[in-house]
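Residue numbers (this note's numbering), protein chains in the order written: chain A, 76 to 778; chain B, 76 to 778.
What follows is the structure, encoded as structure tokens:
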């Protein structure tokens, strides 16, 4: 399953990543910004020319789930469709020891029964504006890398703040093409989102971790929310028309969603760094977190319930990163990246002006990666938020928050700019339940892992443990804290530095001990890694514009993109995978394993077997280029009608972070016919199905 | 699908192949002779000790299909079960332009409707006798390699002839453990075999070439014959009890069948020869034959029908050899073989006596392979029988036959010994239809490929083409021949050298032109390759006995073997494959591909969909160690009851020619429940199902 859950590898390089554009664009490759849609490719390959109205309609019907996924408006009364696994975090948060909606599903038969999510924000991209000149212009010629970084950051904060003040819209400046361009994206923000429908996890995630990131597949991975504004369902100006007929083989389809991040334009030095330093560390980290959580889950059913969502997310991340890691270990993949880089560098070297201007950038990046590697592990384990425990992360955020907001906007740490504060506070004061016992276990083992990785003499270890056992430190900090209460958090934030400095809350005290080191690492990385990477990356981005033009889409940035492709099977494991699967296949896979978990089915699927049409298409694949973060993206046809719901990529697509291979890279989607059939025949949710399928006017598709 | 169709690579080394036994025996590895069953492994791993009666019962219920597969007696009235794809050749032979049983299936509702096969011989192994001392003793100490080969061959011919004269049974001396042992196998021979039932090819081979050699799978790959003797159904002393309950997950099962050949004990030099010389040549050859046949098939529906069986077999062989080739290109596989060889050689070198006796054998083999490579292509293309055209092969056999039978038995070419003549004549005088136009196309392109590979100055090319176009030579030889008529063949054979030498039949004339070269190649190979390989192989076989004992099964020789394992899924392409599939899955795969060929279903499967139980198990996998030739083998449980029918191995098993990997090597079988369900609900074959399922006494399973 695709979900932008742990963008952990990217914590290092907070702002930009540096890259070189691929030489040859595979036919259906690309995650295109809506300001630069692939009109030429669509026309040449498919004879399709979308109108601006078609593009605007699709963009405005698309939404971003800020906790890591995509979705779309699908009814006139504000219904939003996404994946169960995107909704899963909120389902967990609205569940309790007596009502486990994440596992058992949920269905509001009336609007009154719809449950408000505690801290879900969704965004709709309402405008895009090119601000490259302003950001680039803020850097004085001859500025050092870190001065340049600071100048860009200050200018970005100003642009965002001005826009927020002027429009009241969430305003994010997004670096694209490795800083070759900067765009101001304005979002309509929704924060009153209510759960309408979710199937049982066993239907949504049938096949569990084994089937995750694979195909053929048989998952009912959808959930439905309703967006409210001012206490009433919103009437979205744009929503997608529901089409249960799906796509024919080889039919052109589109995906509009929010791919999280890709590294297709990284230099070879960056890929080697990912392969040799980052990914092995991340994989160890994920395994450690899973071990802790599994041990915790064994302590009882409520512990198992509490940890389920995090376990799901970590397993998902583990399988995904293992696939990426395997990709980087594959000589063919690395060979292709090396060849691309050789070509670009030799073309740059052949032009004296380019050679002087862009030529040194690759070595500068390699040098930055070498520097980064020298402190990587120390910084990695010192990030206390990485423990996956909620409360320590919240405590550290509070400590940083009160200090940062006292500074001028342009000088703050990333994440604390004026335009970001509203969303940050929404999440920080969330009334969602906290699980202190789970947090304690996670913090204790994270500290112990840090001790083991860094040794007792490491400054962070000395500071945080002071020679005491990790379990004791964790027990004391979590056991004694009161910040599980949102009111306490609010009081601290509103009390500012005075309140925080005076707090005797043991977790706040721990966070304050860690704070100087966090700032020191942040500063070190900006000066030694991020600054040089931004400057060199911008040069390589410009070199690519100079050499190849703008015919390639930028690396993913968890902002809205348009992908396209066709519904098509592929060669797999000696045979061919079909373009779609059917309900027959869901039952086959369950009975083939004797209905043992994770191949068991919810009771209703067995009891109502004779009511459903077994030929109903369940999931289907297309060549559309997607990655994690695209989960929940609508799949639409040429008429802009909704025919499917992205929920995964196949195992062959995991290398897609680095290279797209049209031969076997496939996006996996839930077929709308399966959702309709399930709502009507399995869940008796007729009114909901009717609301989704209500006829609407189509948008003009072609010029 | 597994079928011993083209043992082409082994044409070079007619008698023995040379090898070293693997160091570590993977747990369920082994194709065991019935004289040396894996009692220790079964007891230690599964706590199962089969009785001698249990073993004898299974052996005597098993049969070999001499055109390349396995089978078993399954009723008191002589019913024999095998695969559709084993029966396919005979189904083709009993079909005609107006009745295509191979494609459309066949069902004899009465015994009178059963159709006699034109040239099917099946064998039942009735006794085994160790004759190693006699064969080894026939070689005088100090004899040259080729004298030794001749001496062994002479002795083997004598043993076979004596046994035939004494018992009237088919008597074959089988070299095992690379000549470390020789065994006299005596077979009861059946030649009146009648077709009772075959489903449509589209049910038996659902998924076609793409799904071939893969799993999950959904094939009804079975056919039923009845064995007659003296005009009445035979009453076999042993037949297997039909059990439709199948095996539970991880249940112990057994396979009794005839694996064709393996190379697990080849030296590294032999594997390199296979990788660099044999397999690339064979793959080119198979592609050339397929190209010719596909072009021929396009000339009309009757041509398509005629060529269908051969196309099937060639595609099957191509996919199988491609898998083997990929295995040899895999550094892990070759690395494992190198490590095994290093260990054995170092253990041999550490013992002065062994070092002298066995040490030089590896270099001798490497030298033999180098010599063989020097003439490989010339010999390969000069084998006119390899064209896959029937008539040229028949003509050459007739020409050789009359010359060979005039010699003393011990001096004849392999294949023409007294004990082999009855089976040879049965096949040579077969009334099965011949397809001259297809043969013409096959011969013409084979000659053209030979010209292109060897050049116009090659002696064989000069002899056979004499500067004329290949198409002309083929048209003249096939167009003018009368040996399509079995009576003409019989008259030539019975007329002896005089009749053959006097024949003006153009194909006989062509065969006579080729004959001297065939003999020359045969002699050259015996002296330069086969003789040294036999001598050195025997030494390595003895070295392994000395070092490791006899705890490893010998390489496969298309003789009866016992394999064992458990019913178990495996990790596959990022997820897990189930232990079995169901009828749900068959329908899923068909509808997933929109019922397009090769995923279309026979009409009855669609019309009667509501009559069958979709949870019926269809195919299942086990860890039992099998290879091509095992097709049609019975799968039995601890009680010796028939629960399945081997028909394939998964794609991961193709490397099994060289190494067995219990992790993912799986034998794929048709579940007996699927056969019963299909016979009763889809084919209205109630009486046949009743005959199969009739209760019988069980054999005692344990001591």
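Ideal Cβ positions, reconstructed from N, Cα and C, are used throughout, including at glycine.
{"query": "C-alpha distance - residue 341 of chain B paired with residue 235 of chain B, whole-angstrom precision", "result": "27 Å"}
{"query": "Per-residue DSSP class, three states only, for residue 122 of chain A", "result": "coil"}
{"query": "C-beta contact flag for residue 123 of chain A and residue 117 of chain A at 7 Å", "result": "yes"}
{"query": "Any C-beta of chain B under 7 Å from that of residue 667 of chain A", "result": "yes"}
{"query": "Residues that DSSP places opposite residue 263 of chain A in a beta bridge", "result": "A/199"}
{"query": "Inter-stretch contact at 8 Å, needing at least 3 Cβ pairs: the region 694 to 708 of chain A / the region 732 to 750 of chain A", "result": "yes"}
{"query": "Beta-carbon contacts of residue 477 of chain B that lie in its chain and below 6 Å, excluding the five residues immediately before and after", "result": "571, 572, 575"}
{"query": "Closer than 7 Å to chain A by CB, residue 283 of chain B", "result": "no"}
{"query": "Span of the beta strand (DSSP E) around residue 482 of chain A", "result": "Element bounds for residue 482 of chain A: n/a, residue is neither H nor E."}
{"query": "Chain A contact for residue 300 of chain B (CB, 7 Å cutoff)", "result": "no"}
{"query": "In DSSP terms, what residue 258 of chain B is bridged to", "result": "B/205, B/249"}
{"query": "Separation of residue 673 of chain B from residue 579 of chain B, as counted between CA atoms", "result": "46 Å"}
{"query": "Closer than 7 Å at the beta carbon, the chain A residues around residue 396 of chain B", "result": "Per Cβ cutoff of 7 Å: no residues; residue 396 of chain B is ~14 Å from chain A at best."}
{"query": "Closer than 7 Å to chain A by CB, residue 662 of chain B", "result": "yes"}
{"query": "Neighbour-count burial assignment, residue 99 of chain A, 16 or more Cβ in a 10 Å radius", "result": "Per-residue confidence for residue 99 of chain A stands at a pLDDT of 42, beneath the threshold of 50, marking its modelled position as unreliable; the derived number appears in the next sentence. Residue 99 of chain A should be labelled exposed."}
{"query": "Proximity to residue 259 of chain B [Cα-Cα], best of B/708, B/250, B/267, B/265", "result": "B/250"}
{"query": "Whole-angstrom distance between residue 666 of chain B and residue 275 of chain B, CA atom to CA atom", "result": "19 Å"}
{"query": "Three-state secondary structure (DSSP) of residue 106 of chain B", "result": "coil"}
{"query": "For residue 645 of chain A, the residue or residues it bridges with in DSSP", "result": "A/652"}
{"query": "Proximity test, Cβ basis, 7 Å: residue 96 of chain B and chain A", "result": "Confidence at residue 96 of chain B is low in this model, with a pLDDT of 33, below 50, so its placement is unreliable and no value can be given for it."}
{"query": "Any C-beta of chain B under 7 Å from that of residue 648 of chain A", "result": "yes"}
{"query": "Within chain B, partners of residue 324 of chain A - CB distance below 8 Å", "result": "669"}
{"query": "Chain A contact for residue 286 of chain B (CB, 7 Å cutoff)", "result": "yes"}
{"query": "Residues that DSSP places opposite residue 191 of chain B in a beta bridge", "result": "B/269"}
{"query": "Residue 771 of chain A to residue 154 of chain A span [Cα, whole Å]", "result": "14 Å"}
{"query": "Residue range of the beta strand (DSSP E) that includes residue 332 of chain A", "result": "327 to 332"}
{"query": "Start and end residues, alpha helix (DSSP H) containing residue 281 of chain B", "result": "Careful: residue 281 of chain B lies outside any alpha helix (DSSP H) and carries neither H nor E."}
{"query": "Buried versus exposed call for residue 128 of chain B [16 or more other C-beta atoms within 10 Å across all chains shown]", "result": "exposed"}
{"query": "Cutoff 7 Å: residue 659 of chain A Cβ touching any chain B Cβ", "result": "yes"}
{"query": "Top-ranked residue by Cα proximity to residue 702 of chain B, from B/518, B/335, B/207, B/306", "result": "B/335"}
{"query": "Proximity test, Cβ basis, 7 Å: residue 726 of chain A and chain B", "result": "yes"}
{"query": "Selection of the region 713 to 744 of chain A by Cβ proximity to chain B, strictly under 9 Å", "result": "725, 726, 727, 729"}
{"query": "Residue 197 of chain B to residue 146 of chain B span [Cα, whole Å]", "result": "9 Å"}
{"query": "For residue 182 of chain B, three-class secondary structure by DSSP", "result": "strand"}
{"query": "Candidates A/156, A/364, A/189: closest to residue 461 of chain A by CA position", "result": "A/364"}
{"query": "Residue 288 of chain B, DSSP secondary structure in three states", "result": "coil"}
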